[in-house]
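In the working numbering, the protein residues as written are 206 to 515.
Here a beta-carbon is modelled for each residue, glycine too, at the ideal position from N, C-alpha and C.
Reviewing the structure listed below.
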Ligand SMILES: Nc1ncnc2c1ncn2[C@@H]1O[C@H](COP(=O)(O)OP(=O)(O)OP(=O)(O)O)[C@@H](O)[C@H]1O
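Next up, the structure:
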């Protein structure tokens, strides 16, 4: 498949002190980030963090309230139309046309971009092949599985050969097989040179896919880096996870070992996981103890807390 244009500036998105206010609510509170050509960049954050609001400003469908924003080196305030033509979007909710076949969904969509019909048909066929949907080309939308619909959305977002692909929760609600299938396709697209920005609540998805990511909360960017960098910087050590009982927490306090409580479990960061696990298992009969490396999920919970967001 055709990759992004080599004349594209190296910074596909540049945001400096970007702000979005909805009346008295500041949804995005002066964030600064940039996305480089060919990167797969993630936005993570609890509900209401400001991810979708940021994506809407990047897609030029919602004006900013302050700060600077450049997409492909252009300002959405003055060049929104031009920028929109060069972006492919996969929304969180399905908005495929239920009355059309798989193939016709793609071809009709191409009309928004004034792509000649014969070119659109060729491109639709090649994208259906890429997303392994060619056998379904005449099928109507309601007969597709959730995973197929997501793949078709992805195919549709690429009909205009965009320079930037924006995916809002690309694998939400899919089973593990379908998620892995989508991941494989996204990694292929990245390998071909596409610039991809995604939002996700799945930390394993972000860890596996993203070159770099930001974690947002309350309209601010808390951290930015590659998944490995963030785990090294914020967790650094292995984790011993055990049952949250009064006896265990009393013992850890007595031994001056710091720990975090996450519902039914206690997590302890340690550079001697085996030793600590053995001590706990010796001391507390029948207790469940596991050791594991620190993960992006640990970073996320450490930075954004465990309080449920509505
Ligand atoms: N059109 C709007 N009018 C008023 N407030 C809004 C509007 N859109 C979003 N908000 C508010 O802005 C804040 C950020 O919302 P946003 O949808 O960007 O968060 P998010 O990180 O994408 O969350 P989620 O993970 O739930 O999709 C929230 O408090 C939300 O209620």
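The beta-carbon distance between residue 403 and residue 372, rounded to whole angstroms, is 4 angstroms. This is short enough to meet the 8 angstroms contact definition. Taking a C-beta distance under 8 angstroms as the contact criterion, residue 220 and residue 238 qualify as a contact pair. For the pair of segments examined, the stretch 284-301 was found to touch the stretch 357-365: the number of CB pairs separated by less than 8 angstroms reaches three. Sequence-distant partners of residue 486 (beyond 5 residues in either direction) whose C-beta falls short of 8 angstroms from its own C-beta, in its chain, are 492, 494. Taking every protein chain shown into account, the CB of residue 410 has 16 or more other CB atoms within 10 angstroms, so this residue is buried. When 447, 468, 502 are compared, the shortest CA-CA separation from residue 481 is found for 447.
The three-state secondary structure of residue 275, taken from DSSP, is strand.
Non-local beta-carbon contacts of residue 297 in its own chain, meaning distances under 7 angstroms to residues more than five positions away in sequence, involve 373, 374, 377 in chain order.
DSSP places residue 439 within a helical segment (H, G or I) once states are collapsed to three.
Every alpha helix (DSSP H) stretch that sits fully inside the stretch 221-283 and reaches 4 residues is listed by chain position as 256-263. Using a C-beta cut-off of 8 angstroms, the stretch 257-268 makes contact with the stretch 221-236, since at least three inter-stretch Cβ pairs fall below that distance. Annotation for residue 351: the continuous alpha helix (DSSP H) segment containing it runs 351-362.
Under a 10 Å Cβ-count criterion, residue 338 is classified as buried, with 16 or more other Cβ atoms of the shown protein chains found around its own Cβ. Chain-ordered, the residues whose CB falls short of 6 angstroms from any heavy atom of ligand 1 come out as 227, 230, 232, 250, 252, 253, 254, 255, 256, 257, 258. DSSP lists 245, 370 as the beta-bridge partner residues of residue 401. The C-beta distance from residue 405 to residue 508 rounds to 16 angstroms, too long to fall under 8 angstroms, and the pair is not in contact. For the set 465, 231, 281, 408, the Cα lying nearest the Cα of residue 500 is the one of 408.
Residue 283 counts as exposed, since fewer than 16 other beta carbons sit within 10 angstroms of its beta carbon.
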